[in-house]
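First comes the structure, then the notes that go with it.
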Amino acid sequence: MYLRHLSLGDFRSYPTAEVALEPGVSTLVGLNGVGKTNLVEAVGYLASLSSHRVAQDAPLVRHGAERAIVRGAVVRDGRESLVELEIVPGRANRARLNRTAMRPREVLGTLRTVLFAPEDLALVKGDPSDRRRFLDGLLVSRQPRWAGVCSDYDKILKQRNALLRAAAPGRRGRRRSEPAPTPETLDVWDDHLALVGGQLLYARLRLVRDLAPLLTEAYQQVSAAAHEARLTYRSSLDEESAAAIEAGEVFSPEEWRDRMLGTMRERRGAELDRGVSLVGPHRDELVLSLGELPAKGYASHGESWSFALGLKLAAYHLLRHDLGDDPVLILDDVFAELDARRRTRLAALVADGEQVLITAAVEEDVPDALRGVRFGVRPGHVDLGSSAELAAGATDDDAPDDDAPDEAVDHGRGDDPSPVTAEEIPLAGDDPAPGAARVPADDLVTEPEAQPQPEPEPQPEGAAVPPARAEVAP
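Each residue of the sequence shown is one higher than the one before, counting from 699 in this note's numbering.
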């Protein structure tokens, strides 16, 4: 699998950009702040529908623009697919696959990437939520249908938390005519949370089981350290269930559902007192250890960096095994943080990847083993050739003119026989009238869940309950 062409329109700092890519190693070289990371961020967004840098989509749209366009031509097993995304802050995003309108979630899996960036140090030093997000993101990369399960779980959790707050003793602000949720209403939401939570827990445990040995090997290969990197899953369920998980047990989703229900009933009083759900995958922890000690708080900066890199390399090898071919590996400003020994080790590990995209501020930081195609990145320009070659050939006429209008970014490698441009994607117009078709058949389809929604209000007893997904992938 590799990305043949990347096309951007009003994405981050780029009014437009056309970058032609090939299999092998491609390195984007340029000073800090010129837009190298913006390019690989766009590649990651094509694969995951999210950014590794920000939680919301608004910063991805160039200042002054209404929307951003990201398009990629992906080649796998000799067949090319065209993925198109339109990012519209405050509204639902749109997507097409091979010119056919789809919901954004339906394009997941067309391009798979593993991206390692300085922000990934939070996997070791950050909050448990960072590690849960890593697990769930890898789940979706491995099997895109898990995106629906994760989305369902979040929705049900928000509703249940709203009910718990409404039912809390002495809750302020409740109108006299507003009845408190009954235990029976909470039982309904307990069932739904446990059903989807059991599925998610089952999937996470299988993932940890497969990922753990790959992490140990990857960390050893990168660092050659004496300590063993280990990965374990700590559950919020009862002590017996938590002990079974630590022992490596992976029960069926139905078994985890029953155990989750039992623990929620035991902790109902504490949940009502605090107004939050205390049991479920959202309270679990992925524990990282070096030897017998937790990595967080005990690992040095170098060890933490190597551990985070080992996690991403383990994910890369897992996807490589599952897919039968390589995901696109992205190394964003990685080599600047590694000593010469670790640089050499990392280069040897990734040099055989089908496509490796690297960013670097200093060209000499990238080992010779990864000498592939070099792109020089300047503000608003991506040029084929090393930074030294581009600097030698630059003239005063090349300097950016602050008063000049925005221009298209230079093409990458040669003229593409079938160039793709951001203008080819139809932009969103005015909203249709109620009851009318939302978009034409040849336009982009919106994803209703793409934008964050306000937390729902508690529903009275007997209110309709959104169906939870009952099928589980084997």
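From the three backbone atoms N, C-alpha and C, an ideal C-beta is built for every residue, glycine too.
Option in the options with minimal Cα separation from residue i
i            : options                : result
residue 825  : 1075, 1012, 986, 718   : 986
residue 823  : 999, 725, 1060         : 999
residue 1025 : 910, 810, 930          : 810
residue 861  : 887, 983, 1063, 842    : 887
residue 817  : 1043, 725, 1035        : 1035
residue 1004 : 1032, 991, 774         : 1032
residue 1064 : 1052, 1048, 1077, 1079 : 1048
residue 736  : 712, 899, 718, 771     : 712
residue 1013 : 1080, 911, 994         : 911
residue 1068 : 1042, 1077, 1083, 1079 : 1042
residue 905  : 955, 841, 995          : 841
residue 893  : 939, 778, 954          : 954
residue 770  : 889, 707, 925, 814     : 707
residue 804  : 723, 766, 845          : 845
residue 763  : 714, 1009, 863         : 714
Backbone secondary structure at residue i - three-state DSSP
i            : result
residue 971  : helix
residue 1022 : coil
residue 1004 : helix
residue 925  : coil
residue 1097 : Any reading at residue 1097 must be qualified, since the residue scores a pLDDT of 42, below 50, and its modelled position is unreliable; the value itself is stated next. Here residue 1097 sits in coil by DSSP.
residue 1039 : helix
residue 1079 : strand
residue 960  : helix
residue 809  : coil
residue 915  : helix
residue 814  : strand
residue 895  : helix
residue 1124 : Bear in mind that a pLDDT of 46 at residue 1124, under 50, signals an unreliable position, so the number given afterwards is only what the model happens to contain. Of the three classes helix, strand and coil, the one that applies to residue 1124 here is coil, per DSSP.
residue 794  : strand
residue 1151 : A caution first: residue 1151 carries a pLDDT of 43, below 50, which makes its placement in the model too unreliable to give a value.
residue 938  : helix
residue 756  : helix
residue 765  : coil
Buried/exposed call for residue i, threshold 16 Cβ in 10 Å
i            : result
residue 1117 : Note that residue 1117 scores a pLDDT of 40, beneath 50, so its modelled location is shaky; the value from the coordinates is reported in the next line. Label assigned to residue 1117: exposed.
residue 699  : buried
residue 921  : buried
residue 788  : exposed
residue 950  : exposed
residue 802  : buried
residue 756  : exposed
residue 754  : exposed
residue 796  : exposed
residue 732  : buried
residue 725  : buried
residue 881  : exposed
residue 798  : exposed
residue 716  : buried
residue 791  : buried
residue 968  : exposed
residue 859  : buried
residue 991  : exposed
residue 752  : exposed
residue 852  : exposed
residue 775  : exposed
residue 1081 : buried
residue 1019 : exposed
residue 1060 : exposed
residue 739  : buried
residue 1030 : buried
Whole-angstrom distance between residue j and residue i, CA atom to CA atom
i            : j            : result
residue 709  : residue 781  : 16 Å
residue 946  : residue 907  : 8 Å
residue 734  : residue 1075 : 6 Å
residue 807  : residue 748  : 13 Å
residue 927  : residue 918  : 8 Å
residue 728  : residue 1058 : 7 Å
residue 750  : residue 960  : 36 Å
residue 849  : residue 978  : 15 Å
residue 935  : residue 965  : 10 Å
residue 982  : residue 785  : 32 Å
residue 743  : residue 1002 : 26 Å
residue 1023 : residue 720  : 16 Å
residue 914  : residue 794  : 39 Å
residue 885  : residue 972  : 17 Å
residue 941  : residue 980  : 18 Å
residue 821  : residue 1006 : 6 Å
residue 800  : residue 839  : 18 Å
residue 1050 : residue 828  : 29 Å
residue 899  : residue 854  : 15 Å
residue 1038 : residue 866  : 58 Å
key: Segments of 3+ residues assigned as beta strand (DSSP E) that fall wholly inside the region 700 to 740   = Residue ranges of uninterrupted beta strand (DSSP E) with 3 or more members, entirely inside the region 700 to 740 and ordered along the chain, are 700 to 709, 712 to 718, 722 to 727.
task = With a floor of 4 residues, list each alpha helix (DSSP H) that falls wholly inside the region 823 to 863, ordered by position along the chain.
result = 826 to 840
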